[in-house]
Amino acid sequence: MIIDGHAHMITESIAKSMKISPHILKYMNQEWAKHSVKEHVESWIDAMDKNEIEKTVFMATAHLNEDFTEFINSSNRFVGFARINPLLPNALDILKAEYNNSMKGVKLYATNDGFDVSCDCNPIYEYCEKMKLPIVIHFGMTIGGKSDLFHGNPVMLSRVLRDFPNINFTIAHFGAGFFRELLMLKYKQDNLFVDTSGTNNWIDYQDNPFSLKDVFEKTIKVFTPQNIIFGSDTRIFPGGYRENILKEQRGILDELRLSEKDKEDIMYNNAKKVFNI
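Residue numbering for the sequence shown follows this note's numbering, beginning at 232 and increasing consecutively.
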C-alpha cells in the first residue's frame, strides 16, 4: 500500500482565496467550479482504490475553508493539514480552530505569503510542539504569481530545527529549486524530512544538468530512505490522479535498486511515522 504525503483539494471557494496568476486562476476556476465536495470525495476514493493508496495527506491552500473541512472529515482515508500565514494577527487563533476541525498538521507557504520562517513563526512552532503537530513548508519556486523567492531558501530553517527539535519538519518538492541548500540543511538534523511531490520541473532552472533520478540518488544518500516521503501533488480536477508521477518515482526507486524495506519506507512508512497517521 501507499500513503500519498502531499496532495491538494481545491473547489471554487478555495480558488478565490489563492494567490495565483490571473490567467491560471481563470482557467482553473472554470474547472473547479464544476465539481462539488461530494464529487471530489468520490473521485479521490476511486483514484486511491485504483492506485492502492491507503491514505492521502491534503495540504490546505485556504484558511478555515468549509469545503476543505467537509472534505477532510468525509473519510478516515483523508488527512488534512491547515494552511497558516503567521503574518496574520489572528494566525494562532486560526491554527487552534483548524486543530478543532480535525487538521493533523500545518502547511506553511513561505514564498507565497512572504514571511521569514526563522523569526515570524515562533507562536506557531510553540503550539505545534505542544500539540505534536508536524509542519510541511513550501520553499522555492511555485506557480503562485505573487511568490517571493527572497523567503524561499530552506537554510532559513536552520535555527528553527535546532530550537524546536521535537517538531517534524518536512520540506516539499525537494526544496523546489533550492536542492543544494536542502542537502546542506540536513547535516546533523534529525527532525528534517523531505517530500518528492510534484512535477519537479524546478530541475529545468538549475545551472548543473541533472535528472530526477539524480535528485533521488543524492537525496537518498544524504537523507537516507527513512527520511523521504512520497507525494504526487495531485489536484484531482482537472486531470485526475497523477499516475504518471507515481509510476515515474516508483520506477526510479526500482532503478536505484533499493531494498523492498527502503521502498516501503518512502512510499508508506515514513509518512505514517512523520505525520502521526
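Where is the CB? At the ideal position from N, CA and C, for every residue including glycine.
The structure presented is a predicted model; accordingly, all values stated were derived computationally and were not measured.
The alpha helix (DSSP H) enclosing residue i, as first and last residue numbers
i: His404; result: From DSSP, His404 is part of no alpha helix (DSSP H); its letter is neither H nor E.
i: Arg390; result: Ser389 to Asp394
i: Ala313; result: Unbroken run through Ala313 is the beta strand (DSSP E), Phe309 to Arg314; no alpha helix (DSSP H).
Member of the options whose CA lies at the smallest distance from the CA of residue i
i: Met459; options: Glu283, Ile402 and His239; result: This sequence places Ile at residue 459; Met is not what is there. Ranking the options by Cα distance to Ile459, first place goes to Ile402.
i: Asp435; options: Glu301, His382 and Phe409; result: Phe409
i: Phe506; options: Phe424, Trp275, Leu489 and Tyr358; result: Phe424
i: Ile467; options: Ser349, Asp445 and Phe302; result: Phe302
i: Thr455; options: Gly236, Leu318, Glu495 and Pro354; result: Glu495
i: Asp324; options: Gly371, Thr300, Asp298 and His294; result: His294
i: Glu357; options: Glu243, Ile398 and Asn296; result: Ile398
i: Ala341; options: Leu388, His404, Phe370 and Leu484; result: Phe370
i: Glu283; options: Ala328, Ile245, Lys247 and Leu477; result: Leu477
i: Val391; options: His404, Asp379 and Asn422; result: Asn422
Pair within 7 angstroms by beta-carbon distance, residue i and residue j
i: Met240; j: Phe289; result: yes
i: Pro317; j: Ile355; result: yes
i: Met498; j: Phe461; result: yes
i: Val310; j: Ile508; result: yes
i: Met232; j: Glu285; result: yes
i: Lys417; j: Val453; result: yes
Residues near residue i in its chain [Cβ-Cβ closer than 6 angstroms; skip 5 each side]
i: Asn431; result: Leu443
i: Gly344; result: For clarity, residue 344 is Asp in the given sequence; the question names Gly instead. Taken in chain order, the residues that qualify are Asn316.
i: Phe447; result: Ile483
i: Ala313; result: Ala291, Glu329, Met334 and Val337
Element boundaries [beta strand (DSSP E), containing residue i]
i: Asp235; result: Ile233 to His239
i: Lys338; result: Gly336 to Tyr340
i: Glu283; result: Glu283 -> no beta strand (DSSP E), and no H or E assigned at all.
i: Val453; result: No beta strand (DSSP E) holds Val453; the alpha helix (DSSP H) holding it covers Leu443 to Phe454.
i: Ile368; result: Ile366 to His369
i: Leu423; result: Leu423 to Asp426
Straight-line gap, residue i to residue j (C-alpha atoms, nearest Å)
i: Asn510; j: Leu339; result: As shown, the chain starts at 232 and ends at 508. That puts residue 510 outside it, with no answer to give.
i: Ala246; j: Asp298; result: 11 angstroms
i: Cys350; j: Ala291; result: 23 angstroms
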